[in-house]
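Asks: This is the structure, below, for whatever I ask next.
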Amino acid sequence: MNRGLVLGGGGSWGSWQAGCLYRWITHHGLKFDPVMGISAGALNGAAYLHDPEELKRCWTSLRNKDILTPPPRLFPASLFSLNGLRKFINRWMNEEKAKKEGHFTLYVATLPLDTWLPQNAVFNPQGKWDGFLVDYLLASCAIPWVFPPVKIQVHGTTQTLIDGGVIGKKKVSFSPVADAEEVFVVNVVRPEPIPFTLNPFTWLNNHFGKHVIGTQMAAGIESLKNHPKQPRTYHFYPSQDLDFYMLDFSTQKCQKAFQLGFRDADEFIQNKERYLVSLSTEAATSYPRN
């Protein structure tokens, strides 16, 4: 069966997603083609393209100082540089190896600042390869105010790109994977109401993290429901809330989330049909059927 995969964004919550994907690949023998990745999901998609073992190696040894590196910038304003993230990716990414040994097409979502319309770079080992994958991964992870935008040459012109999970003039579409017979959508945010809080840090985490991610993932699922081919779509998410900040890349938190994803992956396969998206329900608020 042709099975597509969408890996949503979520910063350090991507560790849960990586554990889930790692278990599916190494234990259940699942294969996906095509794969669409957004932000942290793009990193996981690239690790899968390169070597699935990197999903485990990367996330279970990650530290805050590997990702959140100085210096900050005044223009464009950002709290951290992308130097640490670039070094982190370059530790495991061999682009030539991915071209030679990769076995699926990877779509990396970004948002250009000149149009504010979502776009996807294509990396097909047997065909189109839209430039340097590492640069597009950095762009897909360039959360505004946290990391600076990334400038990339596209067809002779310079584009300035930011995180593919940011809501632009249009919400994200999962159309790149719509030709698959079935699609697994792996969302790091549970489809449930976000509780009110007076804690400003938790509010920022919930509003710019969970709310935006949930909105984009719901829109993407709707795009599959409304697509002429209407692939069977499964919406998977954590069995419990990932109760740490999305910019907390500490080893302890990422290891714990990775292990939860590892365990959740088995439940998803055993009870797969419970996570099937109904064509008549709202993707953002639907819960597994009992």
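Here this note's numbering is used: the first residue of the sequence shown is 90, the next is one more, and so on. Ideal Cβ positions, reconstructed from N, Cα and C, are used throughout, including at glycine. Since this is a predicted model, take the numbers as computed values, not measurements.
1. Pick helix, strand or coil for Asn209, following the three-state DSSP scheme.
2. Alpha carbons only, please: which of Tyr111, Lys318 and Met182 is nearest the one belonging to Asp355?
3. Identify the continuous beta strand (DSSP E) that holds Met90 and give its terminal residues.
4. By Cβ distance, which residues of its chain are closer than 7 angstroms to Gly191, with the 5 residues on each side in sequence left out?
5. Run the CB neighbour count on Gly103, radius 10 Å, all protein chains shown included, and call it buried at 16 or more, exposed below.
6. Report all residues from its chain with a CB closer than 6 angstroms to the CB of Asp155; omit the five preceding and five following residues, and keep chain order.
7. Does DSSP put Ile302 in a helix, a strand or coil?
8. Threshold first: 4 residues or longer. Then list the alpha helix (DSSP H) segments lying entirely within the region 132–187, N to C.
9. Give me the Cα-Cα distance between Thr374 and Lys260, rounded to the nearest whole angstrom.
10. Which two residues bound the contiguous alpha helix (DSSP H) that contains Ile114?
11. With respect to the alpha helix (DSSP H) encompassing Gln359, which residues constitute its N-terminal and C-terminal limits?
12. For the alpha helix (DSSP H) containing Ala228, list its first residue and its last residue.
13. The ligand GTP heavy atoms versus the CB of Pro327: any closer than 6 angstroms?
14. Roughly how many whole angstroms lie between the Cα atoms of Ala107 and Arg162?
15. Quick one, are the C-beta atoms of Ala231 and Val243 less than 7 angstroms apart?
Replies: According to the structure shown:
1. strand
2. Tyr111
3. First-last for Met90: undefined, no H or E at that position.
4. Leu138 and Pro214
5. buried
6. Gly173 and Phe177
7. helix
8. 142–149, 153–156 and 172–181
9. Residue confidence is low: Thr374 scores 43 on pLDDT, short of 50, so the model does not pin down where it sits. No coordinate-derived value is stated.
10. Gly103 to Thr115
11. Thr340 to Gln359
12. Leu222 to Ser229
13. Of the ligands one can find in the structure shown there are none, so the ligand GTP has no counterpart to examine.
14. 30 angstroms
15. no
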